[in-house]
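Going by the working numbering, the first residue of the sequence shown is number 2, and it counts up by one from there.
Only one structure is covered here, and it is reproduced in the block below.
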Amino acid sequence: MERIAVVADIHANIHALQVFMDHINKECEVSKILNVGDFLQIGPNPVEVFDIVMNDKRFINIMGNNEHVLFNRELMKFPEEEVEHQDWVIHKLGEERMDKLKKLPFKRIINIKNKKILMLHSRINSIIEFPLLYKKKSLEEFIGDYDEDVDYVLIGHTHLPLYATNWSLKNILNPGAFGCGKDGIVKFIIMEIDNELVNITYKQLRYDKQKVVDDFKRNNVPYGEKFCEIFY
Numbered sequence: 002m003e004r005i006a007v008v009a010d011i012h013a014n015i016h017a018l019q020v021f022m023d024h025i026n027k028e029c030e031v032s033k034i035l036n037v038g039d040f041l042q043i044g045p046n047p048v049e050v051f052d053i054v055m056n057d058k059r060f061i062n063i064m065g066n067n068e069h070v071l072f073n074r075e076l077m078k079f080p081e082e083e084v085e086h087q088d089w090v091i092h093k094l095g096e097e098r099m100d101k102l103k104k105l106p107f108k109r110i111i112n113i114k115n116k117k118i119l120m121l122h123s124r125i126n127s128i129i130e131f132p133l134l135y136k137k138k139s140l141e142e143f144i145g146d147y148d149e150d151v152d153y154v155l156i157g158h159t160h161l162p163l164y165a166t167n168w169s170l171k172n173i174l175n176p177g178a179f180g181c182g183k184d185g186i187v188k189f190i191i192m193e194i195d196n197e198l199v200n201i202t203y204k205q206l207r208y209d210k211q212k213v214v215d216d217f218k219r220n221n222v223p224y225g226e227k228f229c230e231i232f233y
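As structure tokens, then:
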């Protein structure tokens, strides 16, 4: 049996990440942590989060839209304050980290105990658009949009936990926002894979949200007041 964790949308929240790391190091050991993107931006601690996520060998990472736009600023028309926040993140990370970040793929397919798992942030053809289920499309259209021949599809982006399947037997999982929500709760998935037997548990841990709010002020994060209002 192999136990893995699935995380999405950490959003530079070191306090949520530390609670999670303590949990998996002391109480729920995992061999892999599948990170489906958006681990940077919005939150006040991009460097601290980057150094854990990109250096801990258990993490398998892909880009989300919040990483992608740091290299492709022309993708969307951002408000001036958000551009300032992006500039701040790029400056904080520095050239070496940015070079490392740029090498991340938009999707990965991995095999664990004969189960084929697709990792991507939102849709196969777009990490910015919302999945079809959130665009008033049917369950069949939503699942059919992921046309890879896999057993499990892991997504993030919506910040909402999800487990969807249909007669195709393809399973789509979203753990929900890991470090970006007013509830102050770390959300993630634990998958225990033993050949044909797969146990999936949606987990929650509480962290001190006030520490995040304090870091926005302490680190003088551009657009931080607005991010706190929206997300914390």
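From the three backbone atoms N, C-alpha and C, an ideal C-beta is built for every residue, glycine too.
Problem - 3-residue-minimum beta strand (DSSP E) runs that sit fully inside the stretch 16–88, ordered along the chain - result: 33–36, 60–62
Exercise for the section: Please determine, among 160, 74, 198, the residue with the shortest C-alpha to C-alpha distance to residue 131. Expected result: Walking along the sequence shown from the start, residue 131 turns up at place 130. Considering only alpha carbons, the answer is 160.
Exercise for the section: Under 8 Å by Cβ, that's how I've got residue 176 and residue 190 pegged, so tell me the actual separation to the nearest angstrom. Expected result: Residue numbering aside, residue 176 sits at position 175 when the sequence shown is read from its first letter. Residue numbering aside, residue 190 sits at position 189 when the sequence shown is read from its first letter. Contact holds; Cβ gap of about 4 Å.
Practice task
Measure the Cβ-Cβ separation of residue 39 and residue 225 and say whether it is below 8 Å.
Solution key: One-based indexing of the sequence shown puts residue 39 at position 38. One-based indexing of the sequence shown puts residue 225 at position 224. No, these two residues do not count as a Cβ contact at 8 Å.
Exercise for the section: Measure the alpha-carbon distance for residue 15 versus residue 47 and round it to whole angstroms. Expected result: Taking the first residue of the sequence shown as position 1, residue 15 is located at position 14. Taking the first residue of the sequence shown as position 1, residue 47 is located at position 46. Near 8 Å, if we compare the C-alpha coordinates of residue 47 and residue 15.
Problem - Neighbourhood of residue 115 by C-beta distance below 6 Å, restricted to the same chain and skipping five residues each side - result: On the sequence shown, residue 115 is found 114 positions in, with the first residue counted as 1. Answer for residue 115: 196, listed in chain order.
Practice task
Going by CA-CA distance only, name the one from 222, 185, 217, 163 that's closest to residue 202.
Solution key: As a first step, residue 202 must be located in the sequence shown, where it is residue number 201. For residue 202, the nearest C-alpha among the options comes from 163.
Handout entry: Residues of its chain near residue 113, where Cβ-Cβ distance is below 7 Å and the 5 sequence neighbours each way are ignored
Key = Position 112 of the sequence shown, counting from 1, holds the residue named residue 113. Answer for residue 113: 3, 5, 194, listed in chain order.
Exercise for the section: Look at the Cβ atom of residue 235, then the Cβ atom of residue 185, and state whether they are nearer than 8 Å. Expected result: The question about residue 235 has no answer, for the chain in this structure spans 2 to 233.
Problem - Heavy atom of the ligand FMN within 7 Å of residue 221 beta-carbon - result: This structure lacks the ligand FMN; in fact it carries no ligand of any kind.
Practice task
Thinking residue 102 and residue 68 are a contact (beta carbons under 8 Å), I'd like their distance in whole angstroms, please.
Solution key: One-based indexing of the sequence shown puts residue 102 at position 101. One-based indexing of the sequence shown puts residue 68 at position 67. Yes, they are in contact, since the Cβ atoms of residue 102 and residue 68 sit about 6 Å apart, within 8 Å.
Handout entry: Minimum Cβ-Cβ distance from residue 186 to chain C less than 8 Å
Key = Absence of chain C from the displayed structure is noted, only one protein chain being present.
Practice task
In the DSSP assignment, find the unbroken beta strand (DSSP E) run with residue 210 in it and report its ends.
Solution key: As a position in the sequence shown, residue 210 is number 209, starting the count at 1. Per DSSP, residue 210 belongs to no beta strand (DSSP E); it is in the alpha helix (DSSP H), 210–219.
Practice task
Please classify residue 193: does DSSP put it in a helix, a strand, or coil?
Solution key: The residue given as residue 193 occupies position 192 in the sequence shown. DSSP places residue 193 in strand when its eight states are reduced to three.
Exercise for the section: Would you give the residue range spanned by the beta strand (DSSP E) that residue 155 belongs to? Expected result: As a first step, residue 155 is located in the sequence shown; it is residue number 154 there, counting from the start. Start and end: 153–155.
Practice task
Using DSSP bridges, identify the partner residues of residue 203.
Solution key: Stepping through the sequence shown from its first residue, residue 203 is reached at position 202. Per DSSP, 190.
Problem - Top-ranked residue by Cα proximity to residue 104, from 62, 119, 92, 95 - result: Counted from its first residue, the sequence shown places residue 104 at position 103. Closest option to residue 104, Cα to Cα, is 62.
Exercise for the section: Helix, strand or coil for residue 99, going by three-state DSSP, please let me know. Expected result: Counted from its first residue, the sequence shown places residue 99 at position 98. For residue 99, the secondary structure class from DSSP, reduced to helix, strand or coil, is helix.
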